[in-house]
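Reading through the structure tokens given below for one structure.
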Amino acid sequence: MVTTVLENLPPPLDSKAQQPPLFDGTTRLYTSYTCPFAQRVWITRNYKEDPAKREFAEELFTYIDTYVHFIQRRSDKRS
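For the sequence shown, the residue numbers in full-length UniProt numbering are 1 to 79.
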């Protein structure tokens, strides 16, 4: 049985959003939720401590690589 866990993600920043302080001593990662390359960085940062999550992330990366390769091949055919 598969269970899902909804993660509480912060809202995206836009021009009207309250801007975070310029420097408060913390490192921030600003990313796009829809970009597969940005998702890779986010997953690596969040799952590197837990071996089970790390294994899942590595498997997920293989799917992302396949998807990106598929998109590139489709765009090559349209040229």
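In this text, a Cβ means the ideal position worked out from N, Cα and C, and glycines have one as well.
Can you tell me which of Y30, Q39 and T44 puts its alpha carbon nearest to the alpha carbon of D14?
In the sequence shown, residue 14 corresponds to position 14, counting from 1. Measuring from the Cα of D14, the nearest candidate turns out to be Y30.
Are R54 and Y47 closer than 7 angstroms when you measure CB to CB?
Within the sequence shown, numbered from 1, the residue matching residue 54 stands at position 54. Within the sequence shown, numbered from 1, the residue matching residue 47 stands at position 47. Yes, the Cβ-Cβ distance between R54 and Y47 is below 7 angstroms.
In the DSSP assignment, find the alpha helix (DSSP H) that holds R28 and state where it starts and stops.
The residue you call residue 28 lines up with position 28 of the sequence shown. From DSSP, R28 is part of no alpha helix (DSSP H); its letter is neither H nor E.
Could you please give the first and the last residue of the uninterrupted alpha helix (DSSP H) stretch that includes P36?
Here the question's residue 36 lines up with position 36 in the sequence shown. That run of the alpha helix (DSSP H) goes P36 to Y47.
Which of the three DSSP states, helix, strand or coil, is assigned to A57?
On the sequence shown, position 57 is the one that residue 57 refers to. Three-state result, A57: helix.
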